[in-house]
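Q: Sharing a structure, written as structure tokens. Questions coming.
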Amino acid sequence: MKQARHPAPDEINLIDVMGALNDPLRVGLVRVLADGREHGWGELRAPVAKSTLSHHLRVLRDAGVTRTRQEGTRCFVELRRGDLDARFPGLLDAVLGAAHRDGLGTHVGLADDAPTT
């Protein structure tokens with residue numbers, strides 16, 4: 001797998017971020033990643049095929065919402081909260097708060113055997 005390209009913080013734009021967040025599954029992924037931890041792709045649970053999950057993770061990465069790191073054959077993903085908060089103060093908190101209130105993205109989570117440390 002080739003190295004993923006991530007937009008620099010000043011390249012992250014609102015239209016791309018909002019476009020990436022216009023899907024309930026992607027909002028669910030952001031909710032899961034909002035715990036501040038880096039997660040292996042295999043830890044993520046979503047009611048879609050692995051190829052579809054990969055597509056959604058790529059959309060989030062390309063928009064600058066997440067950062068992906070490859071280690072051997074495994075991929076890890078984390079939320080770019082610091083970059084998003086610096087670029088669009090309060091946006092992520094507003095999205096997460098609204099998603100929580102509306103129950104949006106609750107069908108996405110972590111696999112039962114995900115580490116808790």
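End of the sequence shown = 117 in this note's numbering, gap-free, step of one.
Don't be surprised by glycine CBs; every beta carbon is placed ideally from N, CA and C.
Pull up the DSSP beta-bridge partners for Glu78, would you.
A: Counting from 1 along the sequence shown, the entry for residue 78 is found at position 78. Glu78 is bridged to Arg67.
Q: Between which residues of its own chain and His107 is the CB-CB distance below 8 Å, once the five residues before and five after are set aside?
A: For the purposes of this step, residue 107 is identified with residue 107 of the sequence shown, where counting begins at 1. Within the same chain, His107 has close Cβ partners Pro24, Leu25, Gly28, Ala46, Pro47.
Q: Name the DSSP bridge partner or partners of Arg45?
A: In the sequence shown, the residue the question calls residue 45 occupies position 45. DSSP output for Arg45 lists Gly109 as bridge partner(s).
Q: Taking the alpha carbon of Thr73 as the reference point, which residue from Arg37, Gly105, Thr66, Gly42 has its own alpha carbon closest?
A: In the sequence shown, residue 73 corresponds to position 73, counting from 1. If we check each option's Cα against that of Thr73, Gly42 comes out closest.
Q: Could you check what DSSP says for His39 in three-state terms: helix, strand or coil?
A: Taking the first residue of the sequence shown as position 1, residue 39 is located at position 39. Strand.
Q: Are the Cβ atoms of Leu104 and Leu44 separated by less than 9 Å?
A: If you number the sequence shown from 1, residue 104 lands on position 104. If you number the sequence shown from 1, residue 44 lands on position 44. The answer is no: Cβ separation not under 9 Å.
Q: Flag Gly28 as yes if its beta-carbon sits less than 9 Å from any beta-carbon of chain C, otherwise no.
A: Although the question refers to chain C, the structure presented lacks it and comprises just one protein chain.
Q: Is Thr52 buried or exposed, if buried means 16 or more other CB atoms sit within 10 Å of its CB?
A: By one-based count along the sequence shown, residue 52 stands at place 52. By the 10 Å Cβ count, Thr52 comes out exposed.
Q: So, Leu84 versus Thr68, is the Cβ gap smaller than 9 Å?
A: In the sequence shown, residue 84 corresponds to position 84, counting from 1. In the sequence shown, residue 68 corresponds to position 68, counting from 1. No. Outside cutoff.
Q: Quick check: Ile12 and Arg80, are their CB atoms within less than 9 Å of each other?
A: Position 12 of the sequence shown, counted from the first residue, corresponds to residue 12. Position 80 of the sequence shown, counted from the first residue, corresponds to residue 80. Against a cut-off of 9 Å, the Cβ pair of Arg80 and Ile12 comes out as a contact.
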